[in-house]
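Beneath this line is the structure, given in structure tokens, with notes to follow.
In the working numbering, the protein residues as written are 19 to 218.
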């Protein structure tokens, strides 16, 4: 069957209207109870990895990661990342395991990314997932500290993680979420009980 350029041009001109019509009538299921089609999932993951790789080319990687800042990064990780990605001795929330797309176990996947790519992901997040951007875009030092922490994560045991993330407060007190003592304890993860910090 021969397709003329004219027919192809008409089909391409009509295609956007067909897509808009399909979206308008609700053809696309946006429910979170089912995942993407396999081809859509593959394409989104391919696009994400390609974008991270490309944008990471512009990242100025330091000669050495700031390993001296791993402790405050562990506090940030415990507060904002572990609920989705899990941590040594802390499985992911059961609610998070139902998320689509699934958040990866970072201990098993950080080796797939370069330092520049990890920096890009941590700083800017990933659209169409639950991965947010870093809370402030002006603190590259905190982002690099998180990259250094992530590099240590695969070999980190539970005791080391809990010491870094919580210090002397080995577990959050039960039923204290949202209270002033809990908020202060969250701050003390990095700043210490006296406010002078726990790391060098």
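Built from N, CA and C at the ideal position, the CB exists for glycine as well.
- Query: Can you tell me where the alpha helix (DSSP H) with residue 42 in it begins and where it stops?
  - Reply: 23-42
- For residue 141, count neighbouring C-beta atoms within 10 Å of its own C-beta (all shown protein chains included) and say buried if the count is 16 or more, exposed if not. buried
- Taking just the CA atoms, how far does residue 148 sit from residue 133? 21 angstroms
- Query: In the DSSP assignment, what residue or residues form a beta bridge with residue 105?
  - Reply: Partner(s): 108.
- As assigned by DSSP and simplified to three states, the class of residue 89: Reduced to three states, the DSSP call for residue 89 is helix.
- Answer yes or no: do residue 75 and residue 125 have a C-beta to C-beta separation smaller than 8 angstroms? no
- Task: Starting from the C-beta of residue 192, find all residues in its chain whose C-beta is less than 7 angstroms away, skip the five residues before and the five after it, and write them out in chain order.
- Result: Any answer about residue 192 is weak, because its pLDDT of 49 lies below 50 and its placement is not dependable; what the coordinates show is given next. Around residue 192: no qualifying Cβ.
- Less than 8 angstroms between the CB atoms is what I'm expecting for residue 168 and residue 114, so what's the real figure, rounded? Actually they are not in contact, since the Cβ atoms of residue 168 and residue 114 sit about 18 angstroms apart, beyond 8 angstroms.
- Can you tell me which of the three DSSP states residue 191 falls into? Any reading at residue 191 is ruled out, since the residue's pLDDT is 49, under 50, leaving its predicted position unreliable.
- Bounding residues of the alpha helix (DSSP H) (the contiguous stretch that carries residue 126): Per DSSP, the unbroken alpha helix (DSSP H) holding residue 126 starts and ends at 124-127.
- Item | Buried/exposed call for residue 162, threshold 16 Cβ in 10 Å | Classification for residue 162: buried.
- Quick one: what does DSSP say residue 148 is sitting in, helix, strand or coil? coil
- Message: Assuming residue 63 is part of the alpha helix (DSSP H), what are its boundary residues?
- Response: 56-74
- Message: Which same chain residues end up closer than 6 angstroms to residue 176 when comparing Cβ atoms and leaving out the 5 residues on each side of it in sequence?
- Response: 106, 107
- How is the alpha helix (DSSP H) around residue 178 delimited, first residue to last? 176-184
- Do you know offhand how far residue 216's Cα is from residue 84's? 15 angstroms
- Query: Using the rule of at least 16 other Cβ atoms within 10 Å of the residue's Cβ for burial, across every protein chain shown, is residue 165 buried or exposed?
  - Reply: Residue 165 should be labelled buried.
- Member of 37, 185, 73 whose CA lies at the smallest distance from the CA of residue 131: 73
- Query: Going by other Cβ atoms of all chains shown within 10 Å of its Cβ, with 16 needed for buried, is residue 138 buried or exposed?
  - Reply: buried
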